[in-house]
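Quick note, the sequence shown lines up with residues 1 to 152 if you use the UniProt record's numbering. Just so it is clear, CB atoms sit at the ideal spot from N, CA and C, and this is done for glycine as well. Note that the structure is predicted; figures quoted are calculated from it, not measured. First the structure, in the form of structure tokens, and then the observations on it.
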Amino acid sequence: MNESYYHSKKRRGRDPYPNCQCHHCKKERKKIHEGNENNTSNTNTFHPIFNPSITVNMSPEHTPPPIGVDTVQYLTLAEEGKKVYTNEDALKQYGSSDILDPDNVSTLHLFVNGVLQPPSIYSVEEGILHLESSDLPPKDAPITLLFVTVKG
Numbered sequence: 001m002n003e004s005y006y007h008s009k010k011r012r013g014r015d016p017y018p019n020c021q022c023h024h025c026k027k028e029r030k031k032i033h034e035g036n037e038n039n040t041s042n043t044n045t046f047h048p049i050f051n052p053s054i055t056v057n058m059s060p061e062h063t064p065p066p067i068g069v070d071t072v073q074y075l076t077l078a079e080e081g082k083k084v085y086t087n088e089d090a091l092k093q094y095g096s097s098d099i100l101d102p103d104n105v106s107t108l109h110l111f112v113n114g115v116l117q118p119p120s121i122y123s124v125e126e127g128i129l130h131l132e133s134s135d136l137p138p139k140d141a142p143i144t145l146l147f148v149t150v151k152g
């Protein structure tokens, strides 16, 4: 038997000749068996106990109101060299809202051309979006100002 062939089959995790009783096959099986007996990594001594318990104390007469989230978005298209956008620039035909007062929402995010912008490059006040970066969006790039309000 070709020894390199035997070893290539063994590397794939199976004995190519399970009934073979030649000297080489017996020797290989003995090495594997002895290695397993002395190898502690092959013994499974870890028996985790998983017993989760969750207790919720709620009075049956009181059910808390559900928490809700409202989202609205201001949509417009970038114009060459323009840094200030107002409610008049909104694309109302696509369901755009006005620019809300940031003090009345939980959070807001600006996306230009689908990419989230860091808050350091823009500011928002009711009805006005200021782009404060010297790197302005290209003409007709979509600008989305997302407003999220958590209720409850």
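Checklist line | Per DSSP, the bridge partner or partners of residue 153 | finding: Limits of the chain in this structure are 1 at one end and 152 at the other, which puts residue 153 out of reach.
Check: Out of curiosity, what's the CA-to-CA distance linking residue 222 and serine 123?
Finding: Nothing in the structure corresponds to residue 222, since the chain is present only between 1 and 152.
Next item on the list: Along the beta strand (DSSP E) that carries isoleucine 128, what are the first and last residues, could you check?
Entry: Boundaries of the beta strand (DSSP E) harbouring isoleucine 128: 128-131, taken from the DSSP string.
Notebook entry, point to check: tyrosine 6 to glutamine 117, Cα distance in whole Å?
Noted result: Legend: pLDDT at tyrosine 6 = 48, less than 50; position of this residue unreliable, value from coordinates given subsequently. If I take the Cα positions, the gap works out to 60 Å.
Margin query: Our contact map puts alanine 141 next to valine 112 with C-beta atoms below 8 Å; I'd like the distance itself, whole angstroms only.
Written below: The pair is a contact, with the Cβ atoms about 6 Å apart (cut-off 8 Å).
Margin query: Below 8 Å on the Cβ atoms is my contact criterion, and I expect glutamate 80 with lysine 151 to pass it. Report the Cβ-Cβ distance as a whole number of Å.
Written below: By a beta-carbon distance limit of 8 Å, glutamate 80 does not contact lysine 151. Their separation comes to about 39 Å.
Notebook entry, point to check: In whole angstroms, what is the alpha-carbon distance linking lysine 26 and asparagine 19?
Noted result: Approximately 10 Å, taken between the alpha carbons.
Note to self: Helix, strand or coil, according to DSSP, for serine 120 in the structure here?
What the structure shows: In the structure shown, serine 120 sits in a helix (DSSP, three-state: H, G or I).
Note to self: Taking the alpha-carbon of glycine 127 as reference, which of Lys31, Leu75, Gly114 and Ser133 has the nearest alpha-carbon?
What the structure shows: Its Cα nearest to that of glycine 127, the residue Leu75 stands out among Lys31, Leu75, Gly114 and Ser133.
Margin query: If you measure between the beta carbons of histidine 130 and lysine 83, is that distance less than 8 Å?
Written below: For histidine 130 and lysine 83, yes; Cβs fall inside 8 Å.
Check: Cα separation between glutamine 93 and glutamate 61?
Finding: Taking the straight line from one Cα to the other gives about 46 Å.
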